[in-house]
Amino acid sequence: MTGRSATVLPRFVVAAPASGHGKTTVATGIMAALRREGLDVAGFKVGPDYIDPGFHALATGRPGRNLDPFLCGEDLVEPLLLHGAAAGGPSDVAVIEGVMGLFDGRIGTEGLASTAHVAALTRSPVVLVLDISHTSRTAGAIVHGLATFDPDTRISGVVLNKAASERHVREVRQAVEATGVPVLGLIPRDAGVEAPSRHLGLVPAAELDGSATLVDHLAQRVADHVDLPALLRIAHTAPPLTAAPWDPAAAVGSRAVAGRRPVVAIAGGRAFTFRYPETEELLYAAGLAPVVFDPLRSTSLPDGTAGLYLGGGFPEVHAAELSGNSALREAIRGAVGAGLPTVAECAGLLYLCASVDGHPMVGAVPGRATMGPRLTLGYRTAVVPAPSLMGRVGTRVTGHEFHRTTVEWTGSPEAAWLLDGRPDGISLDPVGSGVPTVHASYLHTHWAGHPALARRFAEAVHAFAASSPASSAQFVPVPPSSSAQFLPVSPTPGDQGTDLLHHGDRDVRPGLVDLAVNVRRPGPPPWLADVIGRTIEGLGTYPATSAAREAIAARHGVDEGCVLPTSGGAEAFTLIARGLDPRRALVVHPQFTEPEAALRAAGRPVERHLLTAEHGFRLDPAAVPGDPDLVVVGNPTNPTGVLHAAAALRALCGDGRVLVVDEAFMDAVPGEPESLLHPGTDLRGMLVLRSLTKTWGLAGLRAGYVVGDPELIARLAAVQPPWSVSSPALAAMVACSSSRAVAEAGAEARLIAEHRAVLVDALTVAGLTVLADSAAPFVLVDTSSLGPGSIRENLASRGLAVRRGETFPGLGPTWIRVAVRTPDVSAALASALTDLRRSRRAS
């Protein structure tokens, strides 16, 4: 029997002597600053807290996750860490934010579920955050005591927070460093790094309009004042981990699904921000399609709903808005009353009640909720007192409570749980079937620690779907291991989910010829490099966008108010998601996944309109649903290379709808015939995105811009962080807008067209189907003639890297996207494909 191989995961824990020292602000800033350095960062929180992981998600671009030995058991802490660090793609470093004081855990247990406990279970070094605003030399005693209290806890560095005068800092630093623990940073006092709070702690990131700006500010403060290389050196001292990553399919018992998956509607949006990502992963593994809806905005449950999950949040804060959405309240009351399997935790319980603080709610359970002065908070052991949706009699789980409301019940309903012996919540059988279908309680549970809960709920949902033909799902689920949520899309055969954060650079490895990434140069041409280099001497001055806006406006024949420079297309999509607040967004696929990822990360409702190979992936504006108020489409589209007619795109405008067209590859089309940026184009209701990355070799600089309706441009500018576009990038924009640069790009576009024709001919001779009429510097290729599955690894073994088709919604693993290179490279690719065909025939 062979032993399990160890996993190297650089990591560290951010801890403090007590609450209030700045753990969340510093930990979030560290995550965001490391991500700015190009690292893939996984963020974790010790304990049951939902709010801090929301800020971690903003900082890292990945779901924030929890590590809690009480909720999930000691044995699952390391597997959950490894799972979270790998889900959606491997991470370079894990940052684990602690809870309360370093050694503070469940009362009466000698530190169970404390930060130190989790640090020991994960064998992680600890970085201490210490608020020194009201102390000086005593800081050394605090560090010394924490470092020597428990030999299993290794404090490897200290970040001094809220530093004051140089004299004060010098005194503190000397005292701390005398303990042998190095000082890694000194963060000055700054009210701008304090996140707003309310009655239950911090305001969730999803509810805070300025949360993205706050995280950007934290990243800059950390980058300016903390030694990031030293932090990474500490992270790399963490020993390899030997456990197997947690597997939701193994935990719940993976269920094969014939046809469409039954839908579980999951409450999200600003009022329902509390849920663990593992919950959705378990439901997906159990053969269901979790679909997020917003009770503040949605007027009905998602089509095909066969189960309902209402997690935690602050319905009392949003009670008036929730109450005002009477259409959804009535729809949920009717569905629950008809036996829809429903789990509601805390906020979900309140929402199902008749009212919250006098505001009418769903009325599916006979209770009225009111705010009170007393905070109920703590870990609980729960037992099922009678057969319920969640378990058999005597089923025992762990959970936690976190609320200031109380519910007054009408009558004496069956309790959902006994929490340490006292009744809590309600278990209902509204249709009289003899099997309860409603489980509502204040208790928050982590289903990774108790997968039987997910399994039992999933069985009820499958049974409900089988008995209700109308509930058959109309959704293609996005795998929950990505940062994306599940939301309604048009079904397409073969699309079993897409990692929206995948980019072509992940398909490239050292030693492989890069056909996966569409950047066409290793760096800028000498004349452009010289322009960029001359900006270095002025980097001590904050960047100004005026010259770039003027040059871009002249390049496209528009007013300067129609132009917004951005730090690449990624920032532009993020600004659109945050600045426009669409009621219902639609992304036309297959295309670049960044727009959808940005919308989902901002909590916006997103649907997909999928174009098909049968129709050449061409856009028919009449087939696009008319209800969305934001439509995103690429032109020419990545990865198909299809150039849509400008008239077809303009047909999507009107009726208050915003049309976003990604023209990142338009400068590779000779003459740019279908661009929406020709002089005289009516830009009302339009935003057109351009990138300088691909043509000019500026991927590492991040340079792009948006041209469009000046009112929309102003809304994007209002949420853009100050000075987000660097002086070198702005200088590049000016240079690349010149007549010389436009002419050079035109010549490059004509050369690309010649090389693309050579590539298409070579692939066709090799027996492959190439999507006709690509107008882009890449082609989309169907490799199904070589057999089922992806050929990417076969090509990699032959020294060639291509972009996987299944990383785009609507495409399966037999598709590959191939960047146009020189004819000799195309010939080498064709030769490798011919060899592959022969070897497969021989086998």
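Residue numbers for the sequence shown follow the numbering used here, so the first one is 481 and each next one is one higher. Beta carbons are placed, not taken as given, at the ideal position from N, Cα and C, and that holds for glycine.
Three-way DSSP call (helix, strand, coil) for residue i in this model
{"i": "Arg1318", "result": "helix"}
{"i": "His942", "result": "helix"}
{"i": "Ile612", "result": "coil"}
{"i": "Asp1189", "result": "coil"}
{"i": "Ala686", "result": "Because the pLDDT of Ala686 is 45, which lies under 50, any placement of that residue in the model is unreliable, and the question is left without a value."}
{"i": "His501", "result": "coil"}
{"i": "Gly509", "result": "helix"}
{"i": "Phe882", "result": "strand"}
{"i": "Thr595", "result": "helix"}
{"i": "His1069", "result": "strand"}
{"i": "Val1261", "result": "strand"}
{"i": "Tyr764", "result": "helix"}
{"i": "Val988", "result": "coil"}
{"i": "Val638", "result": "strand"}
{"i": "Gly792", "result": "strand"}
{"i": "His798", "result": "coil"}
{"i": "Trp897", "result": "strand"}
{"i": "Asp555", "result": "helix"}
{"i": "Phe1288", "result": "coil"}
{"i": "Met870", "result": "coil"}
{"i": "Asp1142", "result": "strand"}
{"i": "Glu590", "result": "coil"}
{"i": "Phe535", "result": "helix"}
{"i": "Ala496", "result": "coil"}
{"i": "Ser1171", "result": "strand"}
Classification of residue i by the beta-carbon crowding that lies within 10 angstroms, buried from 16 upward
{"i": "Trp1007", "result": "exposed"}
{"i": "Glu1143", "result": "buried"}
{"i": "Leu547", "result": "buried"}
{"i": "Thr628", "result": "exposed"}
{"i": "Tyr859", "result": "buried"}
{"i": "Arg1182", "result": "buried"}
{"i": "Trp1295", "result": "buried"}
{"i": "Arg1088", "result": "buried"}
{"i": "Leu1266", "result": "buried"}
{"i": "Tyr789", "result": "buried"}
{"i": "Ala1081", "result": "buried"}
{"i": "Ala866", "result": "exposed"}
{"i": "Pro428", "result": "Residue 428 lies beyond the range of the chain shown here (481 to 1323); nothing can be said about it."}
{"i": "Ser613", "result": "exposed"}
Sequence-distant residues of the same chain with beta carbon closer than 7 Å to residue i, five excluded per side
{"i": "Ala765", "result": "Pro728, Ala729, Val732, Ser734"}
{"i": "Glu1074", "result": "Gly1049, Ala1050, Phe1053"}
{"i": "Val1250", "result": "Val1240, Leu1243, Thr1244, Val1259, Val1261"}
{"i": "Thr595", "result": "Val493, Ala495, Val526, Gly578, Val579, Leu582"}
Bridge partner(s) assigned by DSSP for residue i
{"i": "Asn546", "result": "Lys525"}
{"i": "Pro631", "result": "According to DSSP, which records beta bridges pairwise, Pro631 is partnered with nothing at all."}
{"i": "Ile906", "result": "Ala920"}
{"i": "Tyr859", "result": "His880"}
{"i": "Trp726", "result": "Answer is none; Trp726 lacks a bridge partner."}
{"i": "Leu1044", "result": "Val1186"}
{"i": "Pro1006", "result": "Answer is none; Pro1006 lacks a bridge partner."}
{"i": "Leu721", "result": "Thr487"}
Residues of its chain near residue i, where Cβ-Cβ distance is below 6 Å and the 5 sequence neighbours each way are ignored
{"i": "Ala685", "result": "No answer about Ala685 holds up, because its pLDDT of 46 lies below 50 and its placement is not dependable."}
{"i": "Pro782", "result": "Val743, Ala745, Val771, Phe773, Pro968"}
{"i": "Gly581", "result": "Pro497, Ala498"}
{"i": "Val1011", "result": "Ala1211, Ala1215"}
{"i": "Asp1147", "result": "Thr1175, Ala1225"}
{"i": "Val911", "result": "Gly819"}
{"i": "Glu1036", "result": "Residue identity differs from the one stated: residue 1036 is His in this sequence, not Glu. The answer, listed in chain order, is Leu1157, Val1187."}
{"i": "His563", "result": "Pro725, Trp726"}
Integer Cβ distance of residue i from residue j, believed to fall under 8 Å
{"i": "Gly1151", "j": "Arg1170", "result": "At roughly 16 Å, the Cβ-Cβ gap does not stay under 8 Å, so Gly1151 and Arg1170 are not in contact."}
{"i": "Met851", "j": "Arg809", "result": "The pair is not a contact, with the Cβ atoms about 20 Å apart (cut-off 8 Å)."}
{"i": "Gly749", "j": "Arg777", "result": "7 Å"}
{"i": "Trp889", "j": "Pro846", "result": "6 Å"}
{"i": "Leu1139", "j": "Leu1123", "result": "About 16 Å separates the two Cβ atoms, so there is no contact after all."}
{"i": "Ala1078", "j": "Leu1110", "result": "Wrong, their Cβ atoms sit about 12 Å apart, outside the cutoff."}
{"i": "Gly984", "j": "Gly1177", "result": "No, Gly984 and Gly1177 are not in contact; Cβ-Cβ is about 15 Å, not under 8 Å."}
{"i": "Pro490", "j": "Val573", "result": "5 Å"}
Close-in-space but distant-in-sequence residues of the same chain around residue i (CB under 8 Å, 5 per side omitted)
{"i": "Ala1034", "result": "Ser1217"}
Near the ligand PLP: residue i beta-carbon under 8 Å from a heavy atom
{"i": "Ser734", "result": "The model depicted lacks the ligand PLP and carries no ligand whatsoever."}
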